[in-house]
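Enquirer:
Protein chains: 2
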Amino acid sequence: MKKNNLYYFCVLADELHFGNAAKKLHITQPPLSRAIQQLEEELECLLLKRDQRNVTLTPAGEYLKQRGDVLLANLSEMKSEVKKIVHGQKGELHITLVGSIIQRLMPYLKRFIRKYPSVKIKISQYTTREQIQLIKSGDADIGFLRGPIFARGLNLYDFYKEPFVLVTPRHFKGTVSKIEDFQQLSNMSYISFPRYLARGLHDQITRICNMAAYYPHVIHEVHQLDLIVRMVECGLGISIIPQCGLDGLLADIRTFKLDFISQQSVISCYFNDLKDNPVLGNFLKELNISKEVHKK
Amino acid sequence: MKKNNLYYFCVLADELHFGNAAKKLHITQPPLSRAIQQLEEELECLLLKRDQRNVTLTPAGEYLKQRGDVLLANLSEMKSEVKKIVHGQKGELHITLVGSIIQRLMPYLKRFIRKYPSVKIKISQYTTREQIQLIKSGDADIGFLRGPIFARGLNLYDFYKEPFVLVTPRHFKGTVSKIEDFQQLSNMSYISFPRYLARGLHDQITRICNMAAYYPHVIHEVHQLDLIVRMVECGLGISIIPQCGLDGLLADIRTFKLDFISQQSVISCYFNDLKDNPVLGNFLKELNISKEVHKK
DNA sequence: CTTTTTCATACCGAATAAGTATTAATAGAT
DNA sequence: ATCTATTAATACTTATTCGGTATGAAAAAG
Chain B
1 MKKNNLYYFC VLADELHFGN AAKKLHITQP PLSRAIQQLE EELECLLLKR
51 DQRNVTLTPA GEYLKQRGDV LLANLSEMKS EVKKIVHGQK GELHITLVGS
101 IIQRLMPYLK RFIRKYPSVK IKISQYTTRE QIQLIKSGDA DIGFLRGPIF
151 ARGLNLYDFY KEPFVLVTPR HFKGTVSKIE DFQQLSNMSY ISFPRYLARG
201 LHDQITRICN MAAYYPHVIH EVHQLDLIVR MVECGLGISI IPQCGLDGLL
251 ADIRTFKLDF ISQQSVISCY FNDLKDNPVL GNFLKELNIS KEVHKK
Chain Z
1 MKKNNLYYFC VLADELHFGN AAKKLHITQP PLSRAIQQLE EELECLLLKR
51 DQRNVTLTPA GEYLKQRGDV LLANLSEMKS EVKKIVHGQK GELHITLVGS
101 IIQRLMPYLK RFIRKYPSVK IKISQYTTRE QIQLIKSGDA DIGFLRGPIF
151 ARGLNLYDFY KEPFVLVTPR HFKGTVSKIE DFQQLSNMSY ISFPRYLARG
201 LHDQITRICN MAAYYPHVIH EVHQLDLIVR MVECGLGISI IPQCGLDGLL
251 ADIRTFKLDF ISQQSVISCY FNDLKDNPVL GNFLKELNIS KEVHKK
């Protein structure tokens, strides 16, 4: 089917008058006549009955008009949807995050969803380690993970920083408000997590302990922050975790904010090349992340 | 959107290789490159990511490919449906008929429906007079009506001929087997129908009576053949009707086939110009009506 | 019978598409 | 590191299509 012939025909079918239809199409009448003839040739049928005075649709023309209108509407709708995709107003955004961070992200997410209602958000919880993989492979668009992280070729932005917190069972009677206070903890058990899950975070905590000349007696390793808190609650030991690990948890424990230590836990967000998913650009805008990001 | 650009794109999206896609499209590679560029310009977006070795779809391209395939399939389906219409294999056929004729028509109709299952049949019962109007105006395609008829500009075919029948109440004791026998009827009431409903038929019957030197004493006029039969059954009079007026009726009457009279009742079918509805042509073929029809 | 309306045809120039030859860039091989 | 092969883009030419002007034909309106 030629360029605009179907469109020409549909307009003509509305007007049932070559001259008027041509005017509407901003062309002259002869090209329109020929276009319709071509269409009729291609479909091997008469679409219009011209009896020198009146133009009427044949049954085939009637049908073509009906279907053609739908088809053309479909075409233009498709075009506009494509444009939406390009401008990141439609599509999918796959976000991965470490569990404890969802509450901090929520306000941004809410704003984004209100602004881009046609974007389908996919959120999954993964370990720091897994997220790096997903983003590198393009299966996720942006990951919120606990830094610091060493990943080549990914864009980095420090989304959020917060102090570490020492968590102890309720029955712990001391106070920890300066670095020397760590000494009281020497004979207590320590609950940790496997280093491979989040090397940066693990090393950061180790550094804190070293600074305080505190050498934790690790007896348990668990995989989730909230499980650490539960272990502490049961009196099985103490731990140092990022503040947000306590978000939304009701636990009968004591907490000591380690804000007298310069080390802070950082939630970084990592993402791949912007061009891969236009939605990502708009999401970053909502996070107030400028496009000039640091590459490692 | 230009001529084939969408199709070009969809094939390219299948191949993800300009050279191969061009081969599949029976064009060379440069025109394809340009076609895609044009499409991208029109949609103001990148549809493909070319990294010198591999071609991959962007999200927008992915979407366009999906919708585009559907759209193109729709387009070609539309074309083939149009062709079906032109060849009378799809569409509507509006048949009108006088009630008494449906049983004679049924075998043809059955065959036609089996052969053209996509054709929607519309049958309505009308008087002779009304049918002429409907066919002239194009609201019906073909009408089966009781002739003879004088209608300018319509195509005519004598579909079926049958003898007239004299119907009398059960208690009539005579016999009518030759023209002189009509004399016995002189003193009986006659049940007729208004002349304007079917002038030709009415006049034919009048002619029969004149021939037999029988001058019927009309006391009732009713509008339907079956009502005439019922009136006769009740002993209210006699009547002369076409044979098929008795089809499917169980009536306690006496009947005398008037086959000693040359006059026959004719069911004519009338129809408008063939081009108005391609289905009509196929229907006429099923009726074994050649295309060379008599025009009045 | 003339005029007007309206679609079709003939012809021309402009725009667009396709082909050929070549370039640029990169991946893989030597 | 250099060379070769692959692949898409670019430059340029040719062919096709498209739209415009002028005109014709047929029938309705005055």
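These protein sequence lines are chains B and Z, in that order. Here the first sequence is numbered in my numbering, starting from 1 and rising by one per residue. Here the second sequence is numbered in my numbering, starting from 1 and rising by one per residue. By construction, the Cβ of each residue, glycine as well, lies at the ideal position given by its N, Cα and C atoms.
1) Could you tell me the distance, in whole angstroms, from the CA atom of Tyr160(B) to the CA atom of Gln224(B)?
2) Measure from the alpha carbon of Val82(Z) to the alpha carbon of each residue in Arg50(B), Gly91(B), Leu57(B), Lys136(B), then state which is nearest.
3) Do Phe144(Z) and Ile101(Z) have their CB atoms nearer than 8 Å?
4) Could you tell me the distance, in whole angstroms, from the CA atom of Thr175(B) to the CA atom of Ile267(B)?
5) Can you tell me which of the three DSSP states Asp276(Z) falls into?
6) Are the CB atoms of Thr96(B) and Ala198(B) nearer to each other than 8 Å?
7) When the cut-off is 8 Å and only beta carbons count, does Lys45(B) lie next to chain Z?
8) Is the beta carbon of Ile142(B) within less than 7 Å of some heavy atom of the ligand NAP?
9) Can you tell me the Cβ-Cβ gap for His217(B) and Tyr190(B), rounded? I've got them flagged as a contact below 8 Å.
10) Hey, does Asn300(B) have any beta-carbon neighbour from chain Z nearer than 8 Å?
11) Evaluate Gly245(B) with the Cβ neighbour count: other Cβ atoms within 10 Å of its Cβ, from every protein chain shown; 16 or more gives buried, anything less gives exposed.
12) Contact criterion: CB-CB distance below 8 Å. Does Gly99(B) meet it with respect to chain Z?
13) DSSP three-state call for Glu162(Z): helix, strand or coil?
14) Run through chain B and tell me which residues come within less than 9 Å of Lys83(Z), C-beta to C-beta.
15) So, helix, strand or coil for Cys244(Z), using DSSP?
16) Quick check on DSSP: helix, strand or coil for Ser186(Z)?
17) Can the beta-carbon of Ile370(B) be found closer than 8 Å to that of Tyr63(Z)?
18) Could you tell me whether the Cβ atoms of Ile55(B) and Leu16(B) are closer together than 8 Å?
19) Closer than 8 Å by beta-carbon distance: list the chain B residues that pair up with Asp71(Z), in chain order.
20) Of all Cβ atoms in chain B, is any one closer than 8 Å to the Cβ of Gly19(Z)?
21) Please list, in chain order, the chain B residues whose beta carbon lies closer than 8 Å to that of Leu64(Z).
22) Cα-Cα, which of Tyr270(B), Leu6(B), Leu280(B) is closest to Phe150(B)?
23) Under 7 Å Cβ-Cβ, which residues of chain Z neighbour Arg67(B)?
24) Since Val317(Z) and Leu258(Z) should fall inside the 8 Å C-beta cutoff, what is the C-beta to C-beta distance between them, to a whole number of angstroms?
25) Contact between the segment 87-94 of chain Z and the segment 109-125 of chain Z is defined here as three or more beta-carbon pairs at a separation below 8 Å; is this criterion met?
26) Would Ile238(Z) pass as a contact of Leu185(Z) if the rule is Cβ separation under 8 Å?
27) Using a C-beta to C-beta distance shorter than 9 Å, which residues of chain B count as neighbours of Val86(Z)?
28) Is the distance from the Cβ of Tyr157(Z) to the Cβ of Ile253(Z) below 8 Å?
29) Rounded to a whole number of angstroms, what is the C-alpha to C-alpha distance between Ile179(Z) and Asp203(Z)?
30) Determine which residues share a DSSP beta bridge with Cys269(Z) and list them.
31) Using a cut-off of 9 Å between C-beta atoms, extract the partners of Gly248(Z) located in chain B.
32) Per DSSP, what kind of secondary structure is Val222(Z) in: helix, strand or coil?
33) Considering His94(B), what are the terminal residues of the alpha helix (DSSP H) in which it resides?
34) Counting only beta-carbon separations shorter than 8 Å, does Gly281(Z) have a partner in chain B?
35) Only counting the same chain, and skipping five residues up and downstream in sequence, which positions put a Cβ closer than 8 Å to that of Ala60(B)?
36) As a quick exercise: from Asn20(B), Thr28(B), Leu25(B), Gly68(B), pick the residue whose alpha carbon is nearest that of Cys10(B).
Expert: According to the structure shown:
1) Counting from 1 along the first sequence, the entry for residue 160(B) is found at position 160. Counting from 1 along the first sequence, the entry for residue 224(B) is found at position 224. For Tyr160(B) and Gln224(B), the distance between alpha carbons rounds to 20 Å.
2) Start at 1 with the first residue of the second sequence, and residue 82(Z) comes out as number 82. Out of Arg50(B), Gly91(B), Leu57(B), Lys136(B), Leu57(B) has the C-alpha closest to the C-alpha of Val82(Z).
3) For the purposes of this step, residue 144(Z) is taken as the residue at position 144 of the second sequence. For the purposes of this step, residue 101(Z) is taken as the residue at position 101 of the second sequence. The answer is yes: Cβ separation under 8 Å.
4) Here residue 175(B) corresponds to residue number 175 of the first sequence, with the count starting at 1. Here residue 267(B) corresponds to residue number 267 of the first sequence, with the count starting at 1. Approximately 28 Å, taken between the alpha carbons.
5) As a first step, residue 276(Z) is located in the second sequence; it is residue number 276 there, counting from the start. Three-state result, Asp276(Z): helix.
6) Translated into the one-based positions of the first sequence, residue 96(B) becomes position 96. Translated into the one-based positions of the first sequence, residue 198(B) becomes position 198. No, the Cβ-Cβ distance between Thr96(B) and Ala198(B) is not below 8 Å.
7) The residue given as residue 45(B) occupies position 45 in the first sequence. In the sequence as displayed, the identity of residue 45(B) is Cys instead of Lys. Yes - at least one Cβ of chain Z is within 8 Å of the one on Cys45(B).
8) No copy of the ligand NAP appears in this structure; indeed no ligand is present at all.
9) Residue 217(B) sits at position 217 when you count from the first residue of the first sequence. Residue 190(B) sits at position 190 when you count from the first residue of the first sequence. His217(B) to Tyr190(B), Cβ: 6 Å. Contact.
10) Because chain B spans 1 through 296 in this model, residue 300(B) falls outside it and cannot be assessed.
11) As a first step, residue 245(B) must be located in the first sequence, where it is residue number 245. Buried, because 16 or more other Cβ atoms sit within 10 Å of the Cβ of Gly245(B).
12) What you label residue 99(B) is simply residue 99 of the first sequence in a count that begins at 1. Closer than 8 Å: no.
13) Taking the first residue of the second sequence as position 1, residue 162(Z) is located at position 162. Residue state, collapsed to three classes: strand.
14) For the purposes of this step, residue 83(Z) is identified with residue 83 of the second sequence, where counting begins at 1. Per Cβ cutoff of 9 Å: Leu43, Glu44, Cys45, Ala60.
15) Taking the second sequence and counting its residues from 1, the one referred to as residue 244(Z) is at position 244. Helix at Cys244(Z).
16) For the purposes of this step, residue 186(Z) is taken as residue 186 along the second sequence, with counting starting at 1. In the structure shown, Ser186(Z) sits in coil (DSSP, three-state: anything other than H, G, I, E or B).
17) Because chain B spans 1 through 296 in this model, residue 370(B) falls outside it and cannot be assessed.
18) Within the first sequence, residue 55(B) is the residue found at index 55, counting from 1. Within the first sequence, residue 16(B) is the residue found at index 16, counting from 1. The displayed chain sequence assigns Val, not Ile, to residue 55(B). Against a cut-off of 8 Å, the Cβ pair of Leu16(B) and Val55(B) comes out as a contact.
19) Start at 1 with the first residue of the second sequence, and residue 71(Z) comes out as number 71. Just to set this straight, residue 71(Z) is Leu in the shown sequence, not Asp. Those are Leu71, Asn74, Leu75, Met78, listed as they occur along chain B.
20) Start at 1 with the first residue of the second sequence, and residue 19(Z) comes out as number 19. Not closer than 8 Å to any Cβ of chain B, the Cβ of Gly19(Z) fails to qualify, so no.
21) Translated into positions along the second sequence, residue 64(Z) becomes position 64. Correct list: Met78, Val82.
22) Translated into positions along the first sequence, residue 150(B) becomes position 150. Nearest C-alpha to Phe150(B): Tyr270(B).
23) Counting from one through the first sequence, the residue named residue 67(B) turns up at place 67. Neighbours of Arg67(B) on chain Z, chain order: Met78.
24) Beyond the ends of chain Z as shown, which are 1 and 296, falls residue 317(Z); an answer cannot be given.
25) yes
26) Residue numbering aside, residue 238(Z) sits at position 238 when the second sequence is read from its first letter. Residue numbering aside, residue 185(Z) sits at position 185 when the second sequence is read from its first letter. Against a cut-off of 8 Å, the Cβ pair of Leu185(Z) and Ile238(Z) comes out as a contact.
27) As a first step, residue 86(Z) must be located in the second sequence, where it is residue number 86. Per Cβ cutoff of 9 Å: Leu43, Glu44, Cys45, Leu46, Thr58, Pro59, Ala60.
28) As a working mapping, residue 157(Z) is identified with position 157 in the second sequence. As a working mapping, residue 253(Z) is identified with position 253 in the second sequence. Not closer than 8 Å, so no.
29) On the second sequence, position 179 is the one that residue 179(Z) refers to. On the second sequence, position 203 is the one that residue 203(Z) refers to. Cα to Cα, the separation comes out at about 18 Å.
30) Sequence index remark: in the second sequence, residue 269(Z) carries index 269 (1-based). Cys269(Z) is bridged to Phe144(Z), Tyr157(Z).
31) Translated into positions along the second sequence, residue 248(Z) becomes position 248. Within chain B, no residue comes near Gly248(Z); the closest Cβ sits about 34 Å away, beyond 9 Å.
32) Walking along the second sequence from the start, residue 222(Z) turns up at place 222. The answer is coil: DSSP assigns Val222(Z) none of H, G, I, E or B.
33) Locating residue 94(B) in the first sequence gives position 94, where the first residue counts as 1. Careful: His94(B) lies outside any alpha helix (DSSP H), inside the beta strand (DSSP E) at 91-97.
34) Translated into the one-based positions of the second sequence, residue 281(Z) becomes position 281. By this cut-off, Gly281(Z) is not an interface position.
35) As a first step, residue 60(B) is located in the first sequence; it is residue number 60 there, counting from the start. Closer than 8 Å at the Cβ level, and outside the excluded window around Ala60(B), lie Leu43, Cys45, Leu46, Leu47.
36) Stepping through the first sequence from its first residue, residue 10(B) is reached at position 10. Among Asn20(B), Thr28(B), Leu25(B), Gly68(B), the Cα nearest to that of Cys10(B) is on Gly68(B).
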